[in-house]
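Input: a single structure, listed below in structure tokens.
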Amino acid sequence: MTSHPAAPTPNTGYTFTAIGLHWLIALTIIGSFALGFYMADLPISPQKLKFYSWHKWAGVTIFLFVVLRLGWRLAHQPPELPAGMPAWQRSVAAATHVLLYLLMVAVPLSGWLMSSAKGFQTVWFGVLPLPDLLTKNAELGDLLQQMHKLLNYSMAALVFAHLGAALKHHFIDRDDILARMLPFLRNPSGDTQ
Amino acid sequence: MKFWPNSLVLACTLAVLAPAAQAVEFNQLQLNRSSLSFVYKQMNVPVEGQFKSFRSKLAYDPAKPAAAKAELEIDLASIDAGSKDANDEVAGKAWFNTKAFPIAKFVATSVKPLGGNRLELAGKMSIKGKTLDLVTPVTVTQQGNSATFDGSLVLKRADYGIGDGIWADFGTVANEIQIKFRLVATAAAAK
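In order, the protein sequence lines correspond to chains A and B.
Residue 11 is where the first sequence starts when you use the working numbering, and the numbers rise one by one after that.
Residue 10 is where the second sequence starts when you use the working numbering, and the numbers rise one by one after that.
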């Protein structure tokens, strides 16, 4: 579906779809995380109610992007890791990616459940109502709020690890791991492998 | 209406036939079976709430519906507006200002039978120092020793100055508040 400009071997790069979804999801997650972090302790105001709605719309949207991305991931083999990478690093990388995928699903789900339990239905862009999976229950709502927070902080920690690893690969190992997701970093003379 | 189950048709027939010859007056409010709830839209999302404390003086004789009387007093501080944040907020000056105006009051001025078990109730609603006319349909259901009065109406919050200042814009909290009431009264000895 996409052409691979200057991609000589088939499995060294991500498709345009994969790169696009990665960055789309990265940016929407960071924005939505920042908004959630900021809005939670605001005193009640119309602005706060708007922020909550936007945050919930963003959550549903991110969830849909993640579904697309999981579909892509199941249908495609990701490119190979650099040949010299030690086994333990490969394991850690694999585990981090599995956890990131799990959290990309779990974080929006926990937010949706939390909203249901708190009695505030999620209506995507104020138009499409999502069913409430739980009936209103204040205690359960508070518990799910804690869970949503915990899952988010776990995700933030993993995102930092992911980012740190990407930078380490680029600047210390000098391999093409980061360039695969940021094609403009690729050495114009050709493949770095 | 051919999809109605027979039992429902039967129940409706009975309900129509039920008003008996003997004079009864339903005038004892059963608070634990009554409710006063509302739905408001916040960012186009319906949120449910209710008032937990209210009193009603009412007198309804099915034989003389037009002579019915109804008064309702609502303790505004007993509101559950959907969350603790919301409850604290609506007690404040911009909303109900419950310190200055603790009670909302409705006094019926006329009751018009609409046929069947339906009535039209008109009266004066006072909230936050403002009194306005209010008309609502009411459905009466008699069962044994009790009568249930059900109704719903739309009240516009801005008419009473509920939600001033930063909340005056209807973009976040809509003007229309859907109100649903159910008052259950039992009959005391007829006069």
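Don't be surprised by glycine CBs; every beta carbon is placed ideally from N, CA and C.
- Interface annotation, A/Ile187: not in contact with chain B, CB-CB separation never under 8 Å.
- Excluding its 5 nearest sequence neighbours in each direction, A/His65 has C-beta neighbours in its own chain below 7 Å: Ser42, Leu45, Gly46, Met49, listed in chain order.
- Along the region 169-181 of chain B, the positions whose C-beta sits under 9 Å from a C-beta of chain A are Ile175, Trp176, Asp178, Gly180, Thr181, read in chain order.
- Annotation for A/Phe47: the continuous alpha helix (DSSP H) segment containing it runs 26-49.
- Secondary structure of A/Pro139 (DSSP, three-state): strand.
- Proximity of A/Leu59 to chain B, defined by a Cβ-Cβ separation below 8 Å, is satisfied.
- At a beta-carbon threshold of 9 Å, the residues of chain B lying near A/Gln131 are Val54, Pro55, Val56, ordered along the chain.
- Secondary structure remark: continuous beta strand (DSSP E) runs of at least 3 residues inside the region 117-191 of chain B, in chain order: 127-136, 139-152, 155-165.
- In this chain, the alpha helix (DSSP H) harbouring A/Pro56 covers 56-85.
- Going by DSSP, B/Val33 is part of no alpha helix (DSSP H) at all; its letter is neither H nor E.
- When Cβ-Cβ separations below 8 Å define contact, B/Asp159 makes no contact with chain A.
- Taking a beta-carbon distance threshold of 8 Å, B/Gly125 does not count as an interface residue toward chain A.
- Annotation for B/Ser65: Leu38, Leu81, Leu192 place their beta carbon closer than 6 Å to its own, counting only its chain and skipping 5 residues before and after.
- DSSP, reduced to helix, strand and coil, places A/Leu160 within a helical segment of the structure shown.
- At a cut-off of 8 Å between beta carbons, A/Ile35 makes no contact with chain B.
- A Cβ-Cβ separation of about 11 Å leaves A/Leu173 out of contact with A/His180 under the 8 Å criterion.
- Taking all protein chains in view, the Cβ of A/Glu149 is surrounded by fewer than 16 other Cβ atoms within 10 Å, so the residue is classified as exposed.
- Contacts with chain B (Cβ-Cβ distance below 7 Å) from the region 119-149 of chain A involve Lys128, Gly129, Phe130, Gln131, Val133, Gly136, listed in chain order.
- For the region 21-109 of chain B, the full-length beta strand (DSSP E) segments reaching 3 residues or more read 34-38, 44-51, 54-60, 63-68, 78-84 along the chain.
- Distance between A/Met157 and A/Ala68, taken at the CA atoms: about 19 Å.
- By a beta-carbon distance limit of 8 Å, B/Phe60 contacts B/Leu45. Their separation comes to about 5 Å.
- A/Lys128 sits in a helix when the DSSP states are folded into three classes.
- Look at B/Lys114 here: in three-state DSSP terms it is strand.
- Rounded to whole angstroms, the gap between the alpha carbons of B/Pro122 and B/Ala75 is 6 Å.
- Between the C-alpha atoms of A/Leu34 and A/Arg83 there is a straight-line separation of about 15 Å.
- When only Cα atoms are considered, A/Ala167 and B/Pro111 end up about 49 Å apart.
- With a cutoff of 8 Å on beta-carbon distance, B/Gly170 and B/Lys133 are scored as not near each other.
- Neighbours of A/Pro56 in chain B, taken as residues whose beta carbon is under 8 Å from its own, are Ile175, Trp176, Asp178, Gly180, Thr181, Val182 in chain order.
- Between the C-alpha atoms of B/Asp94 and B/Phe63 there is a straight-line separation of about 22 Å.
- Comparing alpha-carbon positions, the option among B/Ile175, B/Lys189, B/Val149 lying closest to A/Leu59 turns out to be B/Ile175.
- Going by C-alpha positions, A/Ala93 is about 33 Å away from A/Leu161.
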